[in-house]
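Asks: Take this structure, written in structure tokens, and hold onto it; I'll ask about it next.
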Amino acid sequence: MRKELTAAAVLIPLMEIDPAMRQNLLGSQEREFATAMAIHVYLRLRRHFRFCRYGVEASLKEVVEQIGDTIWTAPDQIITAFASTDAADSAAASNYLAQEILRSISVIFETIKVSQDYG
Numbered sequence: 125m126r127k128e129l130t131a132a133a134v135l136i137p138l139m140e141i142d143p144a145m146r147q148n149l150l151g152s153q154e155r156e157f158a159t160a161m162a163i164h165v166y167l168r169l170r171r172h173f174r175f176c177r178y179g180v181e182a183s184l185k186e187v188v189e190q191i192g193d194t195i196w197t198a199p200d201q202i203i204t205a206f207a208s209t210d211a212a213d214s215a216a217a218s219n220y221l222a223q224e225i226l227r228s229i230s231v232i233f234e235t236i237k238v239s240q241d242y243g
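The working numbering puts the sequence shown at residues 125 to 243.
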């Protein structure tokens with residue numbers, strides 16, 4: 125069964141990221157926080173989707189690196205808004221990141237839905 129991965133599916137795990145973790149991303153010279161966030165997003169998405177490349181399932185490392193690269197290279201104003209305590213700013217930045225993550229992984233990976241919808 126195939127179903128497209130959507131930005132809304134990517135947005136959910138982004139919204140779950142703890143505000144303290146978001147703050148850690150601000151001004152960090154180390155990529156570890158972006159990688160930790162990428163792992164969270166990947167693990168949540170993997171419940172419902174598999175990521176394949178050339179017909180072979182991609183490794184955790186490949187997918188996490190792509191998601192992490194997207195977070196790490198986001199514009200500073202997006203990361204600042206993502207870490208903001210203002211709900212509207214944070215939501216807008218989360219939406220932007222979800223769209224960018226979706227775009228970046230869709231270019232490289234084919235997503236295959238592996239679970240049934242609830243209901």
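We put the CB at the ideal spot given by N, CA and C, even for glycine.
The alpha helix (DSSP H) with PHE173 in it runs from where to where?
Replies: It is not in any alpha helix (DSSP H) - PHE173 instead sits in the beta strand (DSSP E) that spans 173-177.
Asks: Using the Cα positions of ILE229 and GLN190, report the straight-line distance between them to the nearest angstrom.
Replies: Going by the C-alpha atoms only, they are around 7 Å apart.
Asks: Closest by CA to ASN148, which one among VAL134, LEU135, VAL180 and TRP196?
Replies: TRP196
Asks: Can you grab the Cα-Cα spacing for the pair ASN219 / PRO199, in whole Å?
Replies: 14 Å
Asks: Quickly, what does DSSP pair THR235 with across the bridge? List them, please.
Replies: Under the DSSP definition of a beta bridge, THR235 partners with PHE175.
Asks: If we ignore side chains and look at the alpha-carbon of each, how far apart do HIS164 and GLY192 end up?
Replies: 10 Å
Asks: Less than 7 Å between C-beta atoms, sequence neighbours within five positions excluded: which residues of the same chain meet that for THR159?
Replies: VAL188 and GLY192
Asks: With respect to the alpha helix (DSSP H) encompassing THR159, which residues constitute its N-terminal and C-terminal limits?
Replies: It spans 156-170 - the alpha helix (DSSP H) in which THR159 sits, taken as one unbroken run.
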